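First the structure, in the form of structure tokens, and then the observations on it.
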């Protein structure tokens, strides 16, 4: 089955700096890669996703890159703000709705004012 | 508003008891998946329901069972509860555009 590894487990940055979280996956059949933000006690919330037919996607301060050959994808957050502090999870799936999501173990991001 | 509704929000059960958790999917979503999230870990896939049938199952024992109703809502049942079943149980509904998670049910087994 699919295995997703996520690094780092904790990340502390100063407000305004950039943050990068990296994930690797094992199943070459995976072609959908969402990123979720989970604040304490709340549900995982989709912040950006990418499908295997593109290498990069950007939404304001958030971007995701995908390297299918190397089986890794990354989340980039620029101009970080204190409200970006949360746990971020990457996930991989074979399709966008009918297949299971396999999650990484999460990254606790802390943005210091 | 998440669009996916789960009940109850919190639950305390005794070891050996049985529990039923409920999920109403987002309007228009016909597929429901259940995940277990232990403290400090990523969600783990339990199973997925589509057209009232279990379509996929993760690495969970038969004590975990489910059901999907004609209106696409779903239940997760756990029998013979163990202390290790304490976790946040998340329901996710989906269509082709992706998954939406509910706020979860926090189950504590004592």
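Residue numbers (our numbering), protein chains in the order written: chain E, 124 to 236; chain C, 19 to 128.
C-beta atoms are modelled at their ideal positions from N, C-alpha and C, and glycine is treated no differently.
Quantities reported herein were computed from a predicted structural model and do not represent experimental measurements.
Here residue 128/C is exposed: its Cβ has fewer than 16 other Cβ atoms, across all protein chains shown, within 10 Å. Taking C-alpha positions only, residue 84/C is separated from residue 28/C by approximately 19 Å.
Taking 7 Å as the upper bound on Cβ-Cβ separation, chain C lies near residues 157, 165, 166, 167 of the segment 148-167 of chain E. Per DSSP, residue 108/C is one residue of the beta strand (DSSP E) stretching across 105-113. DSSP places residue 95/C in the uninterrupted beta strand (DSSP E) bounded by 92-96. If you check each beta-carbon in the segment 86-120 of chain C against every beta-carbon of chain E, the ones closer than 8 Å belong to 108, 110, 112, 113, 114, 115, 116, 117, 118, 119, 120.
Around the beta-carbon of residue 212/E, 16 or more other beta-carbon atoms lie within 10 Å, marking it buried. For residue 190/E, the CB contacts under 8 Å within the same chain, skipping 5 residues up- and downstream, are 178, 196 in chain order. No Cβ-Cβ contact shorter than 8 Å links residue 192/E with residue 208/E. For the segment 52-66 of chain C, the set of residues with a beta-carbon nearer than 7 Å to any beta-carbon of chain E comprises 59, 60, 61, 63, 66, in chain order. At least 8 Å separates the CB of residue 36/C from every CB of chain E. Residue 40/C places its beta carbon less than 8 Å from that of residue 93/C. For a Cβ distance threshold of 9 Å, residue set 116, 117, 118, 119 of chain C lies close to residue 169/E, ordered along the chain.
Interface annotation, residue 228/E: in contact with chain C, CB-CB separation under 8 Å. Note: residue 209/E is bridge-paired with 232/E in the DSSP secondary-structure output. Within the segment 205-216 of chain E, the residues whose Cβ lies closer than 7 Å to some Cβ of chain C are 212, listed in chain order. One finds 116 in chain C with Cβ atoms closer than 8 Å to the Cβ of residue 172/E, taken in chain order. The criterion of a C-beta distance shorter than 8 Å is not satisfied by residue 31/C and residue 111/C. In this structure residue 223/E is buried. Its beta-carbon is surrounded by 16 or more other beta-carbon atoms within 10 angstroms.
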